[in-house]
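Chains as they are written, first to last, in this note's numbering: chain A, 1274 to 1629; chain B, 1274 to 1629. Even glycine gets a Cβ: it sits at the ideal position worked out from N, Cα and C. The next block holds one structure in the form of structure tokens; read it before the comments.
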DNA sequence: CGTTTTTCGGCAAACGATTTCTGTTTATTG
DNA sequence: CAATAAACAGAAATCGTTTGCCGAAAAACG
């Protein structure tokens, strides 16, 4: 009798001699059911090992208690920290997360999003560059709520959780300037990203304000990868006038800079200062020891998930909300004052002291 | 008319004037449907933007094209690489993955597994220590197939994908021995893990065979974390006779060793050689530069996913299969021959040259 | 032309829950 | 005693598919 397939609500109904509707009501804490009956039903459900089929109730309720998380690449160390935060609140709220890798490929992201929508996710969290493309928007404009992390749309106002790029970049540049650096290189993220774009702008204005050198050569366009940092460092080293400090778009990229610097026998921070962004777990290790702009990724993930869940549960009247989370400069040992260097080295780094 | 809710198969049925069954058959490539009709239906489906509801078909088919992946901790850099491999084949096979963090907490793993089962996942992949506990087994013995990664059960034979710990550990010890090391410290993983257990045993037998020192002080019990490595290094440094080389249970742990070594002003590899295990992406960076036993994690993840999917699709008659994947020693700069050291240092490291 | 066989499609029953509705029994209250 | 309410049964609709079965039309055959 109970040998065939899964135990359904019907099974516990017949077992207790009650009707399925009563069992349903009893189990889901509805009123108008005798406490004694409720107890009995619960006991029987427990005893039989009854677990309601999530897919059956999804179909009926049009709610799956499931959220889709689209990330560019799980293997990037910063991403799991966001996921962690998302997962923290997902578990607390009884949601399960679908994880999808997009590899930053737009077609792939589209197909992943379609799949998620087919699966009737209650909402989505996107940690990806793509959110403005019309094909993506077509999928997004439906009734499935979503939250963007670290990538704001230029054209639309959405729920968004991001870091305070303005203050953060300002702090970074100011810090390096205070150390005496005037020739600061920047390795950007992909400029299609709002965050990377914002940071670049603030970098330029703050640099100007504080009297840093304004030289287009000092901007290297990267894409948040180790390779970008590696190439960026090589590029900066090849310049006739090498920068005395580098700001990397993120820590992963800074890792690439360190790698290349080591290869070039350039010491950090003696020959060149390096400032990262993110504060990935590894940054604190002494062999990395990266001064960086901390971005509370786990908290951001959690904030995004909370925002999403609130949006899901409320009746979609609330206006889009943007949560901007402050960053914090974490000072370790990858930046040094400019004047600790030998004069010779400074000369080498900046042969013509005729500032333009 | 089409304003309300999602577009269902019924909508495309009425649009084409066919019955829903016909539409279903046409769309899913069943025979016995006129090619002209099929074309019409497909066209209409396309035009209306019809997408079959995955949850409805899950309910009907009792197949969700969904797999659950349970990991101990996404933030551990090794984990995403496994996930990557799983995701690669999942996408290829049209599956979506549910990701769950267990934090190595058994109750949490249980509840996550229950949720996955409620969601009717077609199968599960476990990258977790817990797989032998009766509560877990109760959930596993059902009809939902599963594959274990890097953790074999002592009591049961399951589908399993793991690395060749015997050969790998052998290679590691042999390599260090060839460099002249005889006093080798080992930081183990949690010994509840079959992998950690296996490695410990092979370490001991190989050490004995090759004439290394056999000293229980040389075994430090860790748990695959950075902290374990950090504490392990401090422990070894505090020994009257410090080992001249250390094998870490995994790279993350080795990172902790490096961190502590740096703190203690011990140079790797000059003062102490360090051999990791995993070969996480970061290990190759010059500032880390870790010699390590490469474990093809992405391939292992892929192998696990393939095994699982084959198990799902076949009619569960096949006997459990264990896939053991060979490892490869990747030589970087964290290990050095013993005799490159100054005699003084060797003395300091091993004051009493009276080998027991 | 009549009969058999294919081919095509429609009908309706699942899948497992929730929810609504009607109806019956019992207990409570004025 | 009548009226009301509470507790529950039972049936049915619903969510969106898939699929077994059956019938009609068309094609093939004698």
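Counting only Cβ pairs nearer than 9 Å, list the residues of chain A close to residue 1374 (chain B). 1356, 1357, 1360, 1361 and 1364
Does chain B have any CB closer than 8 Å to the CB of residue 1509 (chain A)? no
With the cut-off set at 8 Å, would you say residue 1521 (chain A) and residue 1537 (chain A) are in Cβ contact? no
Can you find a heavy atom of the ligand FMN that lies under 7 Å from the Cβ of residue 1572 (chain A)? Absent from the structure shown: the ligand FMN. Ligands present: none.
For residue 1588 (chain B), count neighbouring Cβ atoms within 10 angstroms of its own Cβ and tell me buried if that reaches 16, exposed if not. exposed
Can you give me the C-alpha to C-alpha distance between residue 1618 (chain B) and residue 1602 (chain B), rounded to a whole angstrom? With a pLDDT of 45 at residue 1618 (chain B), under the threshold of 50, the modelled position of this residue cannot be trusted, and the question is left open.
When you compare the CB positions of residue 1336 (chain A) and residue 1395 (chain A), do they come within less than 8 Å of one another, or not? yes
First and last residue of the uninterrupted beta strand (DSSP E) at residue 1567 (chain B): 1564 to 1567
With DSSP run on the structure shown, which of helix, strand or coil describes residue 1320 (chain A)? helix
Flag residue 1293 (chain A) as yes if its beta-carbon sits less than 8 Å from any beta-carbon of chain B, otherwise no. no
Would you check if the stretch 1510 to 1529 of chain A and the stretch 1451 to 1459 of chain A touch, i.e. whether three or more CB-CB distances between them fall below 8 Å? yes
For residue 1332 (chain A), decide whether its Cβ has a neighbour in chain B, counting only Cβ atoms nearer than 8 Å. yes
As assigned by DSSP and simplified to three states, the class of residue 1432 (chain A): strand
Interface residues of the stretch 1317 to 1331 of chain A facing chain B [CB-CB below 8 Å]: 1324, 1325, 1326, 1327, 1328, 1329 and 1331
C-alpha gap between residue 1531 (chain A) and residue 1592 (chain B), whole angstroms: 49 Å
I'd like the list of long-range same chain contacts for residue 1494 (chain A), defined as Cβ closer than 7 Å, with 5 residues on each side in sequence excluded. 1461 and 1464
I'd like the span of the alpha helix (DSSP H) that includes residue 1378 (chain B), first residue to last. No alpha helix (DSSP H) contains residue 1378 (chain B), which DSSP labels as neither H nor E.
Name the chain B residues whose beta carbon is nearer than 7 Å to that of residue 1238 (chain A)? Outside the displayed range of chain A (1274 to 1629) lies residue 1238 (chain A), so it cannot be described from this structure.
Select from B:1300, B:1317, B:1309 and B:1303 the residue whose C-alpha is nearest the C-alpha of residue 1288 (chain B). B:1317
For residue 1350 (chain A), decide whether its Cβ has a neighbour in chain B, counting only Cβ atoms nearer than 8 Å. yes
So, are the CB atoms of residue 1281 (chain A) and residue 1388 (chain B) less than 8 Å apart? no
Residue-chain proximity (residue 1371 (chain B), chain A), Cβ-Cβ < 8 Å: yes
For residue 1284 (chain A), which of helix, strand or coil comes out of DSSP? helix
Could you tell me whether the Cβ atoms of residue 1420 (chain B) and residue 1580 (chain B) are closer together than 8 Å? yes
Which of helix, strand or coil DSSP assigns to residue 1417 (chain A): coil
Interface positions of the stretch 1463 to 1491 of chain A facing chain B (Cβ-Cβ less than 9 Å), listed along the chain: none
Pair within 8 Å by beta-carbon distance, residue 1599 (chain B) and residue 1470 (chain B): no
Going by the DSSP bridge assignment, what does residue 1548 (chain B) pair with across the sheet? B:1520 and B:1564
Note down, in chain order, all residues in the stretch 1388 to 1404 of chain A with a beta-carbon under 8 Å from any beta-carbon belonging to chain B. 1388, 1389, 1390, 1391, 1392 and 1393
For chain B, check one thing: does any of its Cβ atoms lie closer than 8 Å to the Cβ of residue 1573 (chain A)? no
Residues that DSSP places opposite residue 1602 (chain A) in a beta bridge: A:1566
Residue 1399 (chain B) classed as buried or exposed, judged by whether at least 16 other C-beta atoms fall within 10 angstroms: buried
Would you report the Cα separation of residue 1504 (chain A) and residue 1429 (chain B), rounded to the nearest angstrom? 50 Å
So residue 1561 (chain B) contacts chain A; which residues on that side make the cut at Cβ distance below 8 Å? 1560 and 1561
Residue 1334 (chain A) - containing beta strand (DSSP E), residue span: That residue, residue 1334 (chain A), is in no beta strand (DSSP E); its alpha helix (DSSP H) goes 1327 to 1334.
Quick one: grab the DSSP three-state call for residue 1460 (chain A). strand
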